[in-house]
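> Pasting in a structure now, in structure tokens, and then I'll have a few things to ask.
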Amino acid sequence: MSGFRSLRSGLRALRPEAFGADPSGERMARIRRSPHFKDGVFQNPGGAARTRPSGSATDFAKVFFDKDERPRRSPEGTVPVHPTTLADIARPPATGLRLTWMGHSSVLAEIDGRRVLFDPVWGERCSPFSFVGPKRLHPVPLPLAALGPVDVVVISHDHYDHLDLPTIKALAGTDTLFAVPLGVGAHLERWGVRADRLRELDWHETTEAGGLTLTATPARHFCGRGLRNTQHTLWASWSVAGPEHRIFHSGDTGYFDGFRDIGAEHGPFDATMIQIGAYSDFWPDIHMTPTEGMRAHLDLQGGEPRGVMMPIHWATFNLATHAWAEPGEGTVTAARATGSRIAVPRPGEPFEPTAEAVPAEPWWRAVALTPVGGWSDAPADAAGTAAGPRGDAPADADGAEGTGEPETVPVN
Numbered sequence: 048m049s050g051f052r053s054l055r056s057g058l059r060a061l062r063p064e065a066f067g068a069d070p071s072g073e074r075m076a077r078i079r080r081s082p083h084f085k086d087g088v089f090q091n092p093g094g095a096a097r098t099r100p101s102g103s104a105t106d107f108a109k110v111f112f113d114k115d116e117r118p119r120r121s122p123e124g125t126v127p128v129h130p131t132t133l134a135d136i137a138r139p140p141a142t143g144l145r146l147t148w149m150g151h152s153s154v155l156a157e158i159d160g161r162r163v164l165f166d167p168v169w170g171e172r173c174s175p176f177s178f179v180g181p182k183r184l185h186p187v188p189l190p191l192a193a194l195g196p197v198d199v200v201v202i203s204h205d206h207y208d209h210l211d212l213p214t215i216k217a218l219a220g221t222d223t224l225f226a227v228p229l230g231v232g233a234h235l236e237r238w239g240v241r242a243d244r245l246r247e248l249d250w251h252e253t254t255e256a257g258g259l260t261l262t263a264t265p266a267r268h269f270c271g272r273g274l275r276n277t278q279h280t281l282w283a284s285w286s287v288a289g290p291e292h293r294i295f296h297s298g299d300t301g302y303f304d305g306f307r308d309i310g311a312e313h314g315p316f317d318a319t320m321i322q323i324g325a326y327s328d329f330w331p332d333i334h335m336t337p338t339e340g341m342r343a344h345l346d347l348q349g350g351e352p353r354g355v356m357m358p359i360h361w362a363t364f365n366l367a368t369h370a371w372a373e374p375g376e377g378t379v380t381a382a383r384a385t386g387s388r389i390a391v392p393r394p395g396e397p398f399e400p401t402a403e404a405v406p407a408e409p410w411w412r413a414v415a416l417t418p419v420g421g422w423s424d425a426p427a428d429a430a431g432t433a434a435g436p437r438g439d440a441p442a443d444a445d446g447a448e449g450t451g452e453p454e455t456v457p458v459n
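In the numbering used here, the protein residues as written are 48 to 459.
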């Protein structure tokens, strides 16, 4: 018996630290009590979602290895990173609300005197290993330590491009609180975050932090970091409300009708941060296209084109077979079609969503291969509303990595 325990301990020691830890004890008991946990797994709103590529491996390979389209999945030139982030965030926002997109889904939100950091990924690869996996296509805008104090770190789910081991370990030595979906706290505790600094929430649960109200809201996605996907950690979108402002971060999600309910209960929002990248016909249930992302934004705003929508989950890692610039361009087109206001900042470029002007230049056009048929015939205007032709965003496709190797979204 002691030999069996030694073997089990040895196998556990071989598990990479980046895999995190499985929920156990009272945490697992709480998971089993969740109304969203059934038949041993967390359930998606709107019914079952495909979490793996549909169709045959041959069909996927034909799309992925297409020699004409493959070069479009990465920028042709150097991605412009805003150079003065540190100086820009040293002074308080004039309006009380400022967002700084750090790339992919990482956003620093300064809201009503507090600082919230969503899905911080400062690592070079979104992978459990340093030598393989999707590699960063642009540098981080500034060192993590240069951000200064952060009041709350919010995690949407435990995939590698949203929950980054080196970043969390660096933040574990600070005084920040961590708001995470149910079960994700097991990973953070293994990496050095004290239990008393964790706020672990099921959908529709709320926590208070420094005058902010943070609510875990539903999303349509999945979870998993190890070799087996137990579906024992939850995924979430997030509503954050201060005394004066409200913001929403989608995390990763497919489109579903629940955005209307979230907006009715927690909106309207001054700004939404919406996932519009790494979508595909191979997995249409778990990521949104730009058209779907804009539809989600409108649902969150009660059907009206209010507030500002900022596209996230694109440009930093190559996680799909669609063209690298397609999510940004598609957002411009979708905004024009709906009369919605968007912000398209360069990585590291702070802006205030309620200010008169927000970043509107389609900067990606200067560093991407020109698509067949050319770009939209007009850029976004100075107020941040797209001024291109009306119509839907480009069609889907998916599954790559920054070094050109296949990546079937997301890494598990």
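The beta-carbon is built from N, C-alpha and C at its ideal position, and this holds for glycine as well.
Computed from a predicted model, the values in this text were never measured in an experiment.
Would you list the one or two residues that DSSP bridges to Met462?
No answer is possible for residue 462: it lies beyond the span of the chain, which begins at 48 and ends at 459.
> Using alpha carbons as the reference points, say which of Arg342, Ser286, Pro394 and Asp317 lies closest to Glu255.
Between Glu255 and the set Arg342, Ser286, Pro394 and Asp317, the nearest pair of CA atoms involves Ser286.
> Just to confirm, is the Cβ distance from Val187 to Thr223 under 8 angstroms?
Cβ distance not < 8 angstroms, so Val187 and Thr223 don't count as in contact.
> Identify the residues that DSSP records as bridge partners of Gly239: which are they?
Paired residues: none, contrary to the question.
> With DSSP as the reference, label Phe466 as helix, strand or coil.
Absent from the structure is residue 466, since the part of the chain shown begins at 48 and ends at 459.
> Check this for me: beta carbons of Ala384 and Glu236, under 8 angstroms apart or not?
no
> CB-CB under 8 angstroms to Ala96, same chain, minus the five flanking residues each way: which ones, in chain order?
Arg267, His268, Phe269, Gly301, Asp332 and Ile333
> Where in the region 87–161 do unbroken runs of the beta strand (DSSP E), each at least 3 residues long, occur, reported from the N-terminal end onward?
Assignment of beta strand (DSSP E) within the region 87–161, counting only whole runs of 3 or more residues, yields 144–150 and 153–158 in chain order.
> For Pro315, report the span of its alpha helix (DSSP H) as first-last.
Segment: none, Pro315 is in no alpha helix (DSSP H) and carries neither H nor E.
> Who are the near neighbours of Ala233 in its chain, counting only those whose CB is closer than 8 angstroms to its CB and skipping five residues on each side?
Around Ala233: Gly67, Ala68, Asp69, Pro70, Ser71, Arg74 and Thr280.
> Between Gly160 and Asp208, what straight-line distance do the alpha-carbon atoms span, to the nearest angstrom?
28 angstroms
> For a quick check, are the C-beta atoms of Gly93 and Asp308 less than 8 angstroms apart?
no
> In chain order, which alpha helix (DSSP H) runs of at least 4 residues are fully inside the region 210–293?
212–219 and 232–237
> Taking all protein chains shown into account, do 16 or more other C-beta atoms lie within 10 angstroms of the C-beta of Thr264, making it buried, or fewer, making it exposed?
buried
> Express the C-alpha separation of Pro290 and Gly314 in angstroms, rounding to a whole number.
Using only the alpha carbons, I get a separation of about 13 angstroms.
> If I'm right that His129 touches Gly395 with Cβ under 8 angstroms, what's the distance once you round it to whole angstroms?
4 angstroms
> Roughly how many angstroms separate the alpha carbons of Phe89 and Glu403, rounded to a whole number?
One alpha carbon belongs to Phe89, the other to Glu403, and they sit about 42 angstroms apart.
> Closest by CA to Arg272, which one among Asp211, Gly324 and Val240?
Asp211
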